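Engineer:
Residue numbers (mature numbering (1 follows the signal peptide of the UniProt record, and there is no 0)): -23 to -1, 1 to 158.
1) Give me the Cα-Cα distance between residue 131 and residue 43, rounded to the nearest whole angstrom.
2) Could you round the C-beta distance between residue 87 and residue 74 to whole angstroms and report it? I think they count as a contact, below 8 Å.
3) Please state if the CB of residue 126 and the CB of residue 143 are separated by a distance shorter than 8 Å.
4) Using 8 Å as the Cβ pair cut-off and three pairs as the minimum, do the stretch 48 to 55 and the stretch 63 to 72 touch?
5) I'd like the span of the beta strand (DSSP E) that includes residue 113, first residue to last.
6) Round the Cβ separation of residue 59 and residue 134 to the nearest angstrom and send it over; I've been treating them as touching at under 8 Å.
7) For residue 159, count the other beta carbons within 10 Å of its own beta carbon; 16 or more makes it buried, fewer makes it exposed. Which is it?
8) Whose CA, out of 83, 111, 110, 118, lies closest to the CA of residue 90?
9) If you compare alpha carbons, which of 141, 97, 116, 57 is closest to residue 110?
10) How close, in whole Å, do the beta carbons of residue 84 and residue 115 come, if the pair is a contact with beta carbons under 8 Å?
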C-alpha cells in the first residue's frame, strides 16, 4: 500500500473513531443529589457483610417500606436523545446511530454498510428487557469501492457536522526530499 493510501486510511480511522466517541451518550455535567431518609445509611459502623459503600448500595436498591429506590427515581426521570452518522465515500462505509430515552422506555437503531452488506437493527428496551424489533441485512456488493478523491461527512447531535477529504489529511514529508531555495 502506498504511503498516500496509508495516510488516507489512518486519517479516516481517526475520523471514524472520533465520530463513534462523539456518538456515545454523555454523562451530565452535574450530578443531581436526591434526598435520602434519615437512618437509611449506616455510616461509620462496622459492616460484617462487606464495605459500608456496598451495604449502602444494597439499601438503595432494596427498600422494604414500599418507597421508590434511588435507581427507580433516576430511571423514571432519565431522558436523552442523540444521533450520529458517518458517510465515508473514501472507504465506502456508512455508519448511523440514533437513540431516544423517555423514562423507562428506550428505542433506537444502528445501521452500517461496508461494501458487502447494508445492515440495520431497530431495538427497544423497557420493563420487558432489550429486544430487536426489526433487522435488515441486504447484500450490496463485493466489497468497498475505495475512492481516494471522495470525502467523509461526519455529523452528531452533540458536536455538529464536518467533512474531510484526502487533501485534508497531512501528507508525510519524504526524508530524501531536497529543499528548493
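In this text, a Cβ means the ideal position worked out from N, Cα and C, and glycines have one as well.
Remember, predicted model here, so these are calculated numbers, not experimental data.
Structural biologist: The answer reads as follows:
1) Counting from one through the chain shown, the residue named residue 131 turns up at place 154. Counting from one through the chain shown, the residue named residue 43 turns up at place 66. Cα to Cα, the separation comes out at about 48 Å.
2) Taking the chain shown and counting its residues from 1, the one referred to as residue 87 is at position 110. Taking the chain shown and counting its residues from 1, the one referred to as residue 74 is at position 97. About 5 Å; that satisfies the 8 Å criterion.
3) Stepping through the chain shown from its first residue, residue 143 is reached at position 166. Stepping through the chain shown from its first residue, residue 126 is reached at position 149. Cβ atoms of residue 143 and residue 126: closer than 8 Å.
4) no
5) For the purposes of this step, residue 113 is identified with residue 136 of the chain shown, where counting begins at 1. Its beta strand (DSSP E) spans residues 106 to 116.
6) By one-based count along the chain shown, residue 59 stands at place 82. By one-based count along the chain shown, residue 134 stands at place 157. About 5 Å separates the two Cβ atoms, so the contact holds.
7) This structure cannot settle anything about residue 159, because the visible part of the chain is limited to -23 through 158.
8) By 1-based counting over the chain shown, the position of residue 90 is 113. Of the listed residues, the one whose Cα sits closest to residue 90 is 118.
9) For the purposes of this step, residue 110 is taken as residue 133 along the chain shown, with counting starting at 1. Among 141, 97, 116, 57, the Cα nearest to that of residue 110 is on 97.
10) What you label residue 84 is simply residue 107 of the chain shown in a count that begins at 1. What you label residue 115 is simply residue 138 of the chain shown in a count that begins at 1. Contact flag wrong, Cβ pair sits at about 22 Å.
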